[in-house]
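Undergrad: End of the sequence shown sits at 213 in the numbering used here; the numbers just go up one at a time, nothing left out. Dropping the structure in here first, questions after.
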Amino acid sequence: MESKLDVILRYIKDFFATDYSGHDFWHSYRVYKTAKTIAKSEKCDEELVIVSALLHDVDDHKIVGEQAIPFENAKKLLKQLGYDEAFTDKVTHIISQVSFKGADSVVPDSIEGKIVQDADRLDAIGAIGIARTFAFGGSRNRQIYDPNEKPKVGLKEAEFHKNEGTTINHFYEKLLLLKDMMNTETAKKIAIHRHEVMEQYLDEFYKEWEGEL
Ligand code: ADP
Ligand code: NI
C-alpha cells in the first residue's frame, strides 16, 4: 500500500515535471528534507511541517498563474488523502505565509510555518541557490548581468514580482537578505555558510568580469 507520503511525492513529481525555473520536484524535495532536519530541533507537528513543505509551491502564482483558484491543488490532494478540513486549513495558511514578497514578506505565525519558510529560503541561497537563480533568470529571458543596472532593494510585493532585472541584481534584491530573515536557530547557522558561498561567488564574478585573475 502506498503511504500518504508516497502519494504526495508522486503528485509533486508529476506536477513539477516540466518546470525549468528552479521550482522543480527536487526543490520541493530538498525543502521537505531540510524542513524535517530543522523540525528535529523544534517542538512542532512534524506531519504538518512535512506536508506543508512538500506542497508549498503547488499553488504558487508563478507556477499556476494569477487566475488560479487559491490553494485548489493542495486542497484537492489533501481531501483525496483523507485529511480533515482543520489540517488542510493549517497547511494552506502556512503555504500562504512562506513566500518571499519583497518588503511585504511575513513572519509566519506558527512554528511549522517558520520551519517551512526557513527551509524554502535555505534552498534559495548557497551553491544550490546560485544554480536556481540562473535557471530562473534563463527561464524568464533575463540578462545575467549589466553593470549599468542597479539593484532595486525594498520593493513592495507587486513591484518585486514585476521586476525584470538582471540575475546578479537578484542576489541583492533577495538572496543576500535571507540570512538575516531566518526564523530558527538551526536555519540561522546553516545560512551563515551559504551566505559566504554567495559572497565569494560574487567577488569572483566581478573579477572575471573585469578581466582580472
Ligand atoms: P519563494 O520561494 O520565497 O516564493 P520565489 O519562488 O520567488 O521565492 O523564488 C525562488 C527562487 O527562484 C529564488 O530564490 C531564485 O533562485 C529564483 N528567482 C525568483 N525570482 C527571481 C528573479 N527575479 N531573478 C532570478 N531568480 C529568481
Ligand atoms: Ni519554494
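The beta carbon of each residue, even a glycine, is placed where N, CA and C say it ideally should be.
(1) How would you label S41, buried or exposed, when you count the other beta carbons within 10 angstroms and need 16 or more for buried?
(2) Can you tell me whether S220 is buried or exposed? The criterion is at least 16 other CB atoms within 10 Å of its CB, across all chains shown.
(3) Report the CB separation of V91 from L78 in whole angstroms; it is logged as a contact under 8 Å.
(4) For F68, does the three-state DSSP call read helix, strand or coil?
(5) Kindly provide the chain-ordered list of residues whose Cβ lies closer than 5 Å to any non-hydrogen atom of the ligand NI.
(6) Tell me whether A127 sits in a helix, a strand or coil according to DSSP, three-state version.
(7) Does the separation of the CB atoms of S21 and H56 fall below 9 Å?
(8) Measure from the alpha carbon of A158 to the alpha carbon of each residue in G137, F100 and G82, then state which is nearest.
(9) Please determine if the region 119 to 135 and the region 60 to 76 are in contact, where contact requires at least 3 C-beta pairs separated by less than 8 Å.
(10) Can we count V153 as close to the ligand ADP, meaning its CB is less than 8 Å from some heavy atom?
(11) On the DSSP letters alone, give me the boundaries of the alpha helix (DSSP H) that F100 sits inside.
(12) Determine whether the beta carbon atoms of H23 and K75 lie at a separation below 9 Å.
(13) What do you reckon, is the C-beta of H93 under 8 Å from a heavy atom of the ligand ADP?
(14) How many Å lie between T186 and L48 at the Cα?
(15) Measuring straight from C-alpha to C-alpha, what distance separates G126 and H193?
(16) Is N183 closer than 9 Å to I94 when the C-beta atoms are compared?
(17) According to DSSP, is G211 part of a helix, a strand, or is it coil?
(18) Nearest by alpha-carbon distance to I190: which of T37, S3, L9 and Y172 is it?
(19) For G113 versus E173, is the C-beta distance shorter than 9 Å?
(20) Less than 8 Å between the CB of T34 and some heavy atom of the ligand ADP, yes or no?
TA: In short, the structure shows the following:
(1) Mapped onto the sequence shown, residue 41 falls at position 41. Classification for S41: exposed.
(2) Nothing about residue 220 can be reported from this structure: the residues present for the chain run from 1 to 213 only.
(3) In the sequence shown, counting from the first residue as 1, residue 91 sits at position 91. In the sequence shown, counting from the first residue as 1, residue 78 sits at position 78. With a Cβ gap of about 6 Å, V91 and L78 count as contacting.
(4) Numbered from 1 along the sequence shown, position 68 holds the residue referred to as residue 68. One point to set straight first is that residue 68 is Ala, not Phe, in the sequence displayed. If DSSP states are grouped into helix, strand and coil, A68 belongs with coil.
(5) D57 and D120
(6) Locating residue 127 in the sequence shown gives position 127, where the first residue counts as 1. In the structure shown, A127 sits in a helix (DSSP, three-state: H, G or I).
(7) Your numbering for residue 21 matches position 21 in the sequence shown. Your numbering for residue 56 matches position 56 in the sequence shown. Taking 9 Å as the Cβ cut-off, S21 and H56 do not qualify as a contacting pair.
(8) Taking the first residue of the sequence shown as position 1, residue 158 is located at position 158. The residue with the shortest Cα to Cα distance from A158 is F100.
(9) no
(10) By 1-based counting over the sequence shown, the position of residue 153 is 153. Checking the Cβ of V153 against the ligand ADP gives no.
(11) In the sequence shown, the residue the question calls residue 100 occupies position 100. Premise fails: F100 is in no alpha helix (DSSP H) and is neither H nor E.
(12) Here residue 23 is taken as the residue at index 23 of the sequence shown, counted from 1. Here residue 75 is taken as the residue at index 75 of the sequence shown, counted from 1. In this structure, K75 does not lie closer than 9 Å to H23 by Cβ.
(13) In the sequence shown, counting from the first residue as 1, residue 93 sits at position 93. Because no heavy atom of the ligand ADP lies under 8 Å away, the Cβ of H93 does not count as near it: no.
(14) By one-based count along the sequence shown, residue 186 stands at place 186. By one-based count along the sequence shown, residue 48 stands at place 48. Approximately 19 Å, taken between the alpha carbons.
(15) Position 126 of the sequence shown, counted from the first residue, corresponds to residue 126. Position 193 of the sequence shown, counted from the first residue, corresponds to residue 193. The alpha-carbon atoms of G126 and H193 are separated by roughly 8 Å.
(16) Indexing the sequence shown from 1 puts residue 94 at position 94. Indexing the sequence shown from 1 puts residue 183 at position 183. It is not a contact, given that the beta carbons lie outside the stated cut-off.
(17) Walking along the sequence shown from the start, residue 211 turns up at place 211. Here G211 sits in coil by DSSP.
(18) Here residue 190 corresponds to residue number 190 of the sequence shown, with the count starting at 1. Out of T37, S3, L9 and Y172, T37 has the C-alpha closest to the C-alpha of I190.
(19) Residue mapping note: residue 113 aligns to position 113 of the sequence shown, counting from 1. Residue mapping note: residue 173 aligns to position 173 of the sequence shown, counting from 1. No, the Cβ-Cβ distance between G113 and E173 is not below 9 Å.
(20) As a first step, residue 34 is located in the sequence shown; it is residue number 34 there, counting from the start. Not so, every heavy atom of the ligand ADP lies at least 8 Å from the Cβ.
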